[in-house]
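A.B. asks: Following this message is one structure expressed as structure tokens.
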Amino acid sequence: KFQASRNGQVTALRFYKSPNDVATTHTGRLWSINGNLLATVTFTNETASGWQEQALANPVTILANTTYVVSVGVSQFYVFT
44 KFQASRNGQV TALRFYKSPN DVATTHTGRL WSINGNLLAT VTFTNETASG WQEQALANPV
104 TILANTTYVV SVGVSQFYVF T
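Residue numbering for the sequence shown follows my numbering, beginning at 44 and increasing consecutively.
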């Protein structure tokens, strides 16, 4: 989840992919804090691991000091430190 310090737009979503994550399709979603789905994107041209980024078809306007959540469906392997 994140908060912006000023009004703006989200133009892409990204996630960090584990080398063990062999799922063929990853779908990213941008949500409002109250659970409204704001955008969905399917990641394409992924690399084997590392940061994956996909542009949204339409930018989403966000408001300052408002919490948003990004989720990405991954296989059984989660990356963390």
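Where is the CB? At the ideal position from N, CA and C, for every residue including glycine.
(1) Is it buried or exposed for residue 76, if we count other Cβ within 10 angstroms and need 16 for buried?
(2) Looking only at its chain, what residues have a beta carbon closer than 7 Å to the beta carbon of residue 57, apart from the 5 residues adjacent to it on each side?
(3) Quick one: what's residue 75 bridged to in DSSP?
(4) Within 10 Å of its beta-carbon, does residue 60 have 16 or more other beta-carbons around it, so buried, or fewer, so exposed?
(5) Please report how far the alpha carbon of residue 50 lies from the alpha carbon of residue 85, in whole angstroms.
C.D. replies: Straight from the coordinates:
(1) Translated into the one-based positions of the sequence shown, residue 76 becomes position 33. Residue 76 is exposed by the Cβ-count criterion.
(2) Start at 1 with the first residue of the sequence shown, and residue 57 comes out as number 14. Excluding positions up to five away in sequence, the list reads 94, 95 and 96.
(3) The residue labelled residue 75 in the question sits at position 32 within the sequence shown. Residue 75 is bridged to 111.
(4) One-based indexing of the sequence shown puts residue 60 at position 17. The residue is buried, with at least 16 neighbouring Cβ atoms inside 10 Å.
(5) Translated into positions along the sequence shown, residue 50 becomes position 7. Translated into positions along the sequence shown, residue 85 becomes position 42. Looking at the two C-alpha atoms, the distance is approximately 25 Å.
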